[in-house]
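Peer 1:
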Amino acid sequence: MRRRNLGDEADRQRIKVLLKGKNSGWRQARLIALQMGFNPENESSEIAEIVGVSKPTVNRWFKQYKEEGLDKVLTRGYGIGRPSGLDEEIEEYISKALDSGRWNTAKQAQEELQKHFGKAFGYQTVWTWLKKCAGVLRVPRPVHEKRDPAKSEVFKRTFLGKLLDQPIDGDKPVKIWFADESRYGLLPNLRRVWTKKALRPHKLWKSEYKWSYCYGALDVVDGESVFLQTPTVNLQWTEQFLLQIKKQFPGHEHIVVWDGAGFHPQCSSHERVPEGIYPVALPPYSPELNPIEKLWDLIQDHTSNRLWPTIERLDQVVAMHLNDWIADPIQVIRLVGNGWIRASANGSAAILNIKPF
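For the sequence shown, position 69 (counting from the first letter as 1) is numbered 144 according to this note's numbering, and the numbering increases by one without interruption.
#1: So is the beta-carbon of D240 under 7 Å away from any non-hydrogen atom of the ligand NAP?
#2: Return the residue from the list T378, W280, A402 and I401 that minimises the CA-CA distance to Q391.
#3: Enumerated in chain order, which unbroken segments of the alpha helix (DSSP H) with a length of 4 residues or greater are wholly contained in the segment 139–211?
#4: Enumerate in chain order the residues of its own chain whose CB-to-CB distance from Y198 is below 8 Å, with the five nearest sequence positions on each side excluded.
#5: Less than 8 Å separating the beta-carbons of I367 and F253?
#6: Using beta-carbon positions only, say whether Y284 and T305 come within less than 8 Å of one another.
#7: If we count the other Cβ atoms within 10 Å of its Cβ and call it buried at 16 or more, is W333 buried or exposed?
#8: Using a Cβ distance threshold of 8 Å, determine whether the segment 411–424 contacts the segment 235–254, with at least three qualifying pairs required.
#9: Under the three-state reduction of DSSP, which class applies to H377: helix, strand or coil?
#10: Verify the CB distance criterion: does E124 have a CB-CB separation below 8 Å to chain D?
#11: At 4 residues or longer, what runs of the alpha helix (DSSP H) sit wholly inside the segment 271–359?
#12: Cutting at 7 Å between CB atoms, please list the residues of its own chain near I155, excluding the five before and the five after it.
#13: Applying the 10 Å Cβ sphere with the 16-neighbour rule, what's the burial state of V268?
#14: Give the straight-line distance between the Cα atoms of R258 and Y288, rounded to the nearest whole angstrom.
#15: Can you give the beta carbon distance from K226 to P358, rounded, assuming they're within the 8 Å contact cut?
#16: Quick one: Cα of I426 to Cα of H345, how far?
#17: Pop quiz: A356 and Q341 are said to be a contact at Cβ under 8 Å. What is the actual Cβ separation, rounded to whole angstroms?
#18: Distance, Cα to Cα, E363 vs D255?
#19: When you compare the CB positions of I405 and G298, do they come within less than 8 Å of one another, or not?
#20: How many angstroms separate the CA atom of Q103 from the CA atom of H339?
#21: Less than 6 Å between C-beta atoms, sequence neighbours within five positions excluded: which residues of the same chain meet that for G231?
#22: For a quick check, are the C-beta atoms of L145 and R89 less than 8 Å apart?
#23: L94 to I107, Cα distance in whole Å?
#24: From the DSSP output, read off the bridge partner residues of I251.
#25: Is the beta carbon of L410 closer than 8 Å to that of K369?
#26: Using DSSP bridges, identify the partner residues of E368.
#27: Quick check for students: name the residue ranges of the beta strand (DSSP E) that lie wholly in the segment 222–267, counting only runs of 3 or more.
#28: May I ask you to report which of helix, strand or coil DSSP gives S99?
#29: Does the Cβ-Cβ distance between H327 and K247 come in under 8 Å?
#30: Going by beta-carbon coordinates alone, are P349 and L318 separated by less than 8 Å?
#31: In the DSSP assignment, find the alpha helix (DSSP H) that holds W415 and state where it starts and stops.
#32: If you follow the alpha helix (DSSP H) that V126 is in, where does it begin and where does it stop?
#33: Distance, Cα to Cα, A394 vs K190?
#34: Given this structure, state the Cα-to-Cα distance separating G127 from A402, to the nearest angstrom.
#35: Under 8 Å by Cβ, that's how I've got L262 and S282 pegged, so tell me the actual separation to the nearest angstrom.
#36: Are the CB atoms of V201 and L212 nearer to each other than 8 Å?
Encoded structure:
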């Protein structure tokens, strides 16, 4: 959908004011979508992913805004009607609780709502409310207790400066890589599977502790990828991995962004860092900033819930799926196309001889 004429200045200012106020979850999502929609560079699919709805829903909001105005978009239509007893106060309370992820079961939600509002609510009623408020059961992602969200936000805002601060000389073009390692092995990795409601799936299990490792780096501009499967991780193997990046792309300088692991050198003057490689350290305990983490998770989709006869066979399967990423740069760009990464790469393009994307 073309959004060249979406939003006049009055509505833009009004949305900014409304976003600073108190909004229910559905209203906040529509305000954010409209604010992002005012920028024609933001695709509907990206906006949909950020606000947690489908792309057709976002496009429907945009169409409604253009035809009927902002107030209409911010008026919720309930279709068959609001679930019995779900007033705005309860809906807002449930929405905030879902944002924090503090309920493991609908039973816990029922007990807390009854205690907070001093009323009796049926289990099925609460379950319906949870679904109406876009609630869904998901496995939480582990977050280290020492993680500092403020440092993550500072890194995003200062990433462009970190790129420009690298001591890069000469006229060679520059590649920006996000790198990390993953461990996999013969100990089964069990994940959710689709099954029928009445069935409890079973998967074979054995306790066998043999492991392999894979170094990986994703080029956030061109979508190139480099991988190196190894028996362990240490400074020596890290050096070999960096040399492989140079070997595959000898005509470039390379900025490598990774975490502060002990086998990750943090500056270009380190004895294990080849010439032309410039490391940049991520904040501690912030794996969510590294897009390659999502790639490792996708690879495990192909290797989980199975017993592997040997580590060599598992190495072959992992390599096969890694080759799919090597052969498809567009897929890599979609994976790493976070807004702050893209903006920083484009901002440094002229100085670092990077083609904008």
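For glycine and all other residues, C-beta sits at the position ideal for the given N, C-alpha and C. Computed from a prediction, not measured in an experiment: that's the story for all the values here.
Peer 2: By the coordinates alone:
#1: Of the ligands one can find in the structure shown there are none, so the ligand NAP has no counterpart to examine.
#2: T378
#3: List check, alpha helix (DSSP H) in window: 145–148, 163–175, 181–192 and 198–207.
#4: A181, K182 and Q185
#5: yes
#6: no
#7: buried
#8: yes
#9: In the three-state reduction of the DSSP assignment, H377 falls in the helix class.
#10: The displayed structure is made up of one protein chain only, and chain D is not part of it.
#11: 310–323
#12: For I155, the pLDDT reaches just 46, beneath the cut-off of 50, and the residue's location in the model is therefore unreliable, leaving the point undetermined.
#13: exposed
#14: Spanning the two alpha carbons is a distance of roughly 5 Å.
#15: 4 Å
#16: When rounded, the distance between both Cα atoms is 25 Å.
#17: 5 Å
#18: 12 Å
#19: yes
#20: 41 Å
#21: One detail in the question is off: residue 231 reads as Lys in this sequence, not Gly. For K231, where only same-chain residues beyond five positions count, the Cβ hits under 6 Å are W415.
#22: Contact: yes.
#23: 8 Å
#24: I330.
#25: yes
#26: By DSSP's assignment, E368 forms no beta bridge with any residue.
#27: 249–260
#28: In the structure shown, S99 sits in coil (DSSP, three-state: anything other than H, G, I, E or B).
#29: The answer is yes: Cβ separation under 8 Å.
#30: yes
#31: G414 to G422
#32: Per DSSP, V126 belongs to the alpha helix (DSSP H) from S119 to V126.
#33: 54 Å
#34: If you take the alpha carbons of G127 and A402, they lie about 30 Å apart.
#35: 7 Å
#36: Cβ atoms of V201 and L212: not closer than 8 Å.
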